Amino acid sequence: MTEMVFGTAPVRAVEPVLPRWWRTLDKWTLGAVLGLFAVGILLGLAASVPLAEKNGLPPFYYVTRQLIFGGAAIVVMLAISMLSPPQVRRLGVLGFVAAFLALALLPVFGTDFGKGAVRWFSFGFASVQPAEFLKPGLVVLVAWFMAAAQDVGGPPGRRYSLFITLVVVGLLAAQPDFGQAALVLFIWCVIYFVSGAPVVLLVGLAGLTVLGGFGAYSGSEHFARRIDGYLASEIDPRTQIGYATNAIQEGGLFGVGVGEGTVKWQLPDAHTDFIIAVAAEEYGLVLVLAIVLLYAAIVAMSLYRLTGERDIFTRLAGTGLACAFGVQAFINMGVAVRLLPAKGMTLPFVSYGGSSVIASGIAMGMLLALTRRRPRGQFGEILARRGR
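The numbering used here numbers the first residue of the sequence shown as 4 and each following residue consecutively.
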C-alpha cells in the first residue's frame, strides 16, 4: 500500500571505496611523489656507499634501510589520503600533541650525534627527529584555529595559533635549529595570509624575525659560525659548502658519469643535507632540473586543485602543507648552491632518513586527502538550499 501511494523508493548505487578514492585522487601529484622517491633511491646507491664503508657496514646498508622507510612512508601516505578532511584534522591535532611533547622532552632525553644541536631521540637501532613530525600536525592545527576564527562567535583562533607557533619556534631555537624554526614561522605566515591577514601585520612579523636573527647571531656561536661562513667573500674549499659548490660546478650539464663523482667521499652528509650536490656532480644540471620540476609540479597542482575548494579549513591546511613541502625543498637546494646559509634540512623523499621520509609521507598523505575531488552542487543550488 505504501508503494502504491508514495511510489518505490529509489535505490542509490554505492561506489566502492577504493574505486572512488582512485577516481578522486590527484594522480599527477602521486606520480611526482613516487618519482622523487625513485630519484632518492637512485642517488642513495651512490651517496650512501662511502658512509657504509666508513662504518664497516655492507655497501648498500643505507639504501636497504631507505627502501624500508620509503615503503612504510608510501603505505602511510596512501592510507592517509583516503581520509576525509575532518579525519585529517583529528589526525593532525593528535599528531601535533604527540610530537610537541616529544620536542619538549628533547633537552632531557635527546642527543646531538656530535652535530652541536640536540634534535634526535636515539634508540640504538634507529633515531627519531620530532621536529619532522611536528610540521604537518602544526599546519593542520593552525588551519583549524584560523578557520574557526572566521565562524560567527568563533574563538580568537589567530591569536591562539600564533601563541602555539611561537612556543614551537622557541623550542626549536633552543636546540638550536633555526632553520626549522624559520620554516615553522613561515608556515604560520602563509596560512595567516591566505586566511585574509593584513600585509602590514606580516611585514611587522618579518621585522621581528630579522631582529630575532640578530639576537641569535649575538647569542649563539653555532648560528654565528654558519652566518659568517655564508657571508664570507671566499668559500673555504674544506667546508661542506665548499665541497658541494665544487661538485655542482664539476657536474656541468650532463655530469661526470654514474659512480664517477668524488663529493660523496668528502661530505659526511652527502646522503642527507647535500644529496643534491651528488645529483649535480654525477648526473648534471639535467637531473637537478628534473628534481626541481617535480617539486614545483607537486606544489602547483595542489594549489590549483585547492582554488576550487569552498571549505575554509581544507583550503588553509592544504595550502600550508603544499607550501611547507615546497619551501623545505627550496631551502635544502638553496643551501647547496649557497643561496642560503647552512640549515641542516633534508630534501623531502630524496634525502636519506627515516624521520624525514615518513614525516613527508604523512604530510603528502594529508595533502592528497585534502585535494581529492568531492561532489559539489552548483553555486545557485547551494544558495537555494540556504534560503529554504
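For each residue, glycine too, the CB sits at the ideal point set by N, CA and C.
These numbers were taken from a predicted model, which means no experiment stands behind them.
When the beta-carbon positions are compared, T275 and S358 stay at least 8 Å from each other. Exclusion of the five residues before and after G262 leaves A49 and E285 as the residues of its chain whose Cβ lies within less than 8 Å of its Cβ. For G329, same chain residues with a beta-carbon under 8 Å away, outside a window of 5 residues either side, are Y298, A299, I301 and V302 in chain order. Measuring C-alpha to C-alpha distances from G287 to each of F40, L46 and W31 identifies L46 as the nearest. Residues W24, T27, L28, D29 and S84 of the same chain have their beta carbon placed closer than 8 Å to that of R375, with the five preceding and five following residues left out of the count. Across the set D272, L373 and G255, the C-alpha of L373 shows the shortest separation from the C-alpha of R308. In the structure shown, T374 adopts coil according to DSSP, grouped into three states.
Counting every other CB atom within 10 Å of its CB across the protein chains shown gives A250 a total of 16 or more, marking it as buried.
Checking the DSSP bridge columns, you'll see F124 partnered with V131. The continuous alpha helix (DSSP H) containing F328 extends over residues I315 to A339. With respect to the 8 Å criterion, A151 and P158 are classified as neighbours on the basis of their beta carbons. Ranking Y195, L306, W31 and A325 by CA distance to the CA of Y163 puts Y195 first.
For F103, the enclosing alpha helix (DSSP H) covers residues P88 to F112. In the three-state reduction of the DSSP assignment, V295 falls in the helix class, which pools H, G and I. By the neighbour-count criterion, in which a residue is buried when 16 or more other Cβ atoms sit within 10 angstroms of its Cβ, N335 is buried. The straight-line gap separating the alpha-carbon atoms of V142 and L324 is approximately 6 Å. Just measuring C-alpha positions, the residue of P61, R318, K57 and I71 sitting nearest I44 is I71.
By the criterion of at least three beta-carbon pairs nearer than 8 Å, the stretch 75-91 is in contact with the stretch 360-372. The C-beta of G59 has fewer than 16 other C-beta atoms within 10 Å across all chains shown, which makes the residue exposed. Comparing alpha carbon positions, the residue from F124, A185 and Q243 closest to V172 is A185.
Close CB contacts of A282 within its chain, under the 7 Å cut and outside five residues either way in sequence, are with L46, L290, V291 and I294 (chain order). In chain order, I361, G364, I365 and G368 place their CB closer than 7 Å to the CB of V79, counting only its own chain and leaving out the 5 sequence neighbours on each side. Looking only at G182, P53 and A177, the smallest Cα-Cα distance to Q269 is reached by P53.
About 16 Å separates the beta carbons of L350 and I244, which is beyond the 8 Å limit, so they are not a contact pair. About 3 Å separates the beta carbon of F99 from that of G140, a gap short enough to meet the 8 Å contact definition. In the three-state scheme derived from DSSP, where H, G and I count as helix and E and B as strand, L174 is classed as helix. The distance from the Cβ of W123 to that of F316 is about 32 Å, inconsistent with a contact at the 8 Å cut-off. For P201 and L343, the gap between their C-alpha atoms comes out near 28 Å. Between A247 and V259, the C-beta spacing is not below 8 Å. In the same chain as Y64, and ignoring 5 residues on each side of it, the C-beta atoms closer than 6 Å to its own belong to A55, in chain order. Note that the C-beta distance between A105 and P133 is below 8 Å.
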